[in-house]
Amino acid sequence: MNIYDSQRMEDILLSLGHKKENDAESANLLIFNTCSIREKADDKLFSDLGRAKILKDKSTEEDFIIIVAGCIAQSRPQDLLARYPYVDMILGPQDVQNISDRINDLIDNRDLDTLVFTNLKASDKFKRFSRASPLLKRGISEFLTIQEGCDNFCTYCVVPYTRGREFSRSVKEIISEAKSLVANGVKEIILLGQNVNSYNGLDESSEKCRLSQLLWELSSINGLKRLRYTTSNPKDVDENIARAHRDVKILMPSLHLPVQSGSDNILKKMNRKYNREKYFEVIDMLRGYRSDMAFSSDFIVGFPGETNKDFEDTLNLVKKVKYAQAYSFKYSPRPHTPAAKMTTQIPEDTKEERLRILQKLLNQQQLDFNSSFVGKRVEVLLTKEGRHLGQLVGRSQYFQAVTVDNANNLRVGDIAKVFIKATISHSLIGEKI
Ligand code: SAM
Ligand code: SF4
Numbered sequence: 301m302n303i304y305d306s307q308r309m310e311d312i313l314l315s316l317g318h319k320k321e322n323d324a325e326s327a328n329l330l331i332f333n334t335c336s337i338r339e340k341a342d343d344k345l346f347s348d349l350g351r352a353k354i355l356k357d358k359s360t361e362e363d364f365i366i367i368v369a370g371c372i373a374q375s376r377p378q379d380l381l382a383r384y385p386y387v388d389m390i391l392g393p394q395d396v397q398n399i400s401d402r403i404n405d406l407i408d409n410r411d412l413d414t415l416v417f418t419n420l421k422a423s424d425k426f427k428r429f430s431r432a433s434p435l436l437k438r439g440i441s442e443f444l445t446i447q448e449g450c451d452n453f454c455t456y457c458v459v460p461y462t463r464g465r466e467f468s469r470s471v472k473e474i475i476s477e478a479k480s481l482v483a484n485g486v487k488e489i490i491l492l493g494q495n496v497n498s499y500n501g502l503d504e505s506s507e508k509c510r511l512s513q514l515l516w517e518l519s520s521i522n523g524l525k526r527l528r529y530t531t532s533n534p535k536d537v538d539e540n541i542a543r544a545h546r547d548v549k550i551l552m553p554s555l556h557l558p559v560q561s562g563s564d565n566i567l568k569k570m571n572r573k574y575n576r577e578k579y580f581e582v583i584d585m586l587r588g589y590r591s592d593m594a595f596s597s598d599f600i601v602g603f604p605g606e607t608n609k610d611f612e613d614t615l616n617l618v619k620k621v622k623y624a625q626a627y628s629f630k631y632s633p634r635p636h637t638p639a640a641k642m643t644t645q646i647p648e649d650t651k652e653e654r655l656r657i658l659q660k661l662l663n664q665q666q667l668d669f670n671s672s673f674v675g676k677r678v679e680v681l682l683t684k685e686g687r688h689l690g691q692l693v694g695r696s697q698y699f700q701a702v703t704v705d706n707a708n709n710l711r712v713g714d715i716a717k718v719f720i721k722a723t724i725s726h727s728l729i730g731e732k733i
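Going by the numbering used here, the sequence shown runs without a break in its numbering and finishes at 733.
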């Protein structure tokens, strides 16, 4: 979602005549669009800001501007003001669409202190984005935000406090943006939402439209070859979505379905509103409609109060589901969240040990999944040139990274039938059939 927001800010600024520099040393405006999901993301910003100050001090430009945008700006403005007084502006995720006006405000008012914009009210964000920005040519596979914010309030998660309440864009606006993307050469669209399955934007007759209906609508766009959507909360996956995976031809058979934990006890403390049995039911339903469905997930280990037995439940769930790919994290206390105040925090070394064990299992599953493709054919959407001459790289239907050798007759943007020769690390190597 930050990539999407950053690209839109870039569209606006480039259309107004700003120029993008490849290195920070040559720039006189630095924008950090930040993520606050885990503590590591905060730490990264703080070290980047240290480097930015050196550049600002060295600069001979009168208007050298540093802007912190996004979720850290929203969740910790006071910290930023106190620790980094040389930051010129703090801009929350619901104000990034006003980037050009805000920069002008700043230039007109150089004698003012840091400007802070952290209003979380539902905004005209997307209308402003699409009005202000003729879409620039980008990749073959692009993100399209259809829903933003979250009302779920999982007890570990900062998103409801940084992105605000759930908001769905209208069907008309989404279709129009999707058509512009396709007209610009995009072949795959990945629909984005913090909670994409609860999409309920209005259609042309002002009726609420569900995600499955939206997928059908998008599938009729000429030239669009692939559709994906992320991220789904298991509690919101319904049968219409499962059916769409069978019937919507361009909807890919892979799904990111974060379970977070395999323990009912921890899922309850996380306020996830499903249990492991419900999760298995959702997986079975999806596999019932589409037997080759590939699943990925997110996991948090060391949530407050997690016992050895709870962790064993997670391992056991992983063994049952068999994931194609997964992300896993140590629990990290976040500002404003209830879990950060729980008194049963888990020691760092226990979190590390559990993460190591879980990642070993998940890596093995990914390797097993990829190895099962050696000697088989997959369809690869080619997205860019490979590292070596004659190579192109892309993604399979199941979202595996694939390098295609001897791809001389193929072009970026093609969907190629590829014979898989080998798997290395987390990707597949193949040859055009
Ligand atoms: N909306 C998605 C869902 O419900 O699964 C998750 C979106 S969140 C931006 C991405 C992932 O970050 C989560 O699935 C979770 O695994 C991880 N995450 C969120 N808060 C975390 C925290 N406090 N500590 C560690 N990982 C966290
Ligand atoms: Fe965060 Fe996802 Fe839970 Fe919303 S559903 S609070 S984004 S983890």
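Glycine included, each C-beta is placed from N, C-alpha and C at the ideal position.
Reference residue i, options the options, closest by Cα
i      : options                           : result
Phe669 : Arg469, Ala594, Asp613 and Cys509 : Ala594
Leu492 : Arg528, Val471 and Glu507         : Arg528
Lys568 : Glu606, Leu551 and Ser554         : Glu606
Gly602 : Gly588, Ala640 and Tyr579         : Ala640
Asp503 : Gln513, Val496 and Asn497         : Gln513
Val458 : Glu473, Arg376, Ile489 and Thr445 : Arg376
Val712 : Asp547, Lys684 and Gly485         : Lys684
Ser476 : Lys437, Leu518 and Phe611         : Leu518
Gln374 : Asn419, Ala341, Ile403 and Asp348 : Asn419
Ala324 : Arg510, Ile365 and Thr643         : Ile365
Tyr623 : Tyr304, Phe611 and Gln659         : Gln659
Ala341 : Ala352, Cys371 and Glu362         : Cys371
Asn522 : Lys479, Val496 and Ser498         : Lys479
Ile729 : Leu710, Ser671, Asn709 and Asn708 : Ser671
Asp564 : Val693, Lys578 and Leu551         : Lys578
Gln625 : Asp598, Thr614, Asp649 and Gly501 : Asp598
Pro460 : Ser470, Val471, Lys472 and Gln447 : Gln447
Phe719 : Lys676, Asn706, Asn709 and Ser727 : Lys676
Asn497 : Ser532, His318, Gly464 and Arg410 : Ser532
Beta-bridge partners of residue i, as assigned by DSSP
i      : result
Arg526 : Glu488
Leu330 : Ile366
Ala624 : Ala624 is not bridged to any residue.
Ala707 : BP columns for Ala707 are empty, so no partner.
Phe699 : DSSP, once it has assigned bridges, lists no residue as partnering Phe699.
Gly694 : Leu682 and Val702
Lys508 : Leu502
Phe629 : Ile600
Met389 : Ile367 and Leu415
Ile729 : Thr703 and Ala722
Lys619 : DSSP output for Lys619 lists no bridge partner at all.
His556 : Ser596
Gln447 : Ser468
Glu739 : Outside the shown range of the chain (301 to 733) lies residue 739, about which nothing can therefore be said.
Lys437 : According to DSSP, Lys437 bridges with nothing at all.
Arg677 : Phe719
Leu345 : DSSP lists no partner for Leu345.
Leu551 : Leu527
Local Cβ density within 10 Å of residue i, reported as buried at 16 or more and exposed below that
i      : result
Lys425 : buried
Pro393 : buried
Ile566 : buried
Lys487 : buried
Gly690 : exposed
Gln664 : exposed
Ala542 : buried
Tyr386 : exposed
Phe453 : exposed
Asn608 : exposed
Pro647 : exposed
Gln378 : exposed
Arg687 : exposed
Ile303 : exposed
Cβ distance (whole Å) where residue i is taken to contact residue j below 8 Å
i      : j      : result
Lys525 : Ile715 : 6 Å
His545 : Leu586 : 6 Å
Thr414 : Leu391 : So it is not a contact: roughly 11 Å between Cβ atoms.
Gln697 : Glu679 : 6 Å
Thr723 : Thr455 : In fact, because the Cβ distance is near 38 Å, the residues do not count as touching under 8 Å.
Ser632 : Glu339 : 4 Å
Ligand 1 heavy atom lying under 7 Å from the CB of residue i
i      : result
Asp598 : yes
Phe629 : yes
Arg634 : yes
Ile490 : no
Ile337 : yes
Gln625 : no
Gln659 : no
Tyr499 : no
Any non-hydrogen atom of ligand 2 within 7 Å of residue i CB
i      : result
Phe453 : yes
Asn495 : yes
Val459 : yes
Asn533 : yes
Cys450 : yes
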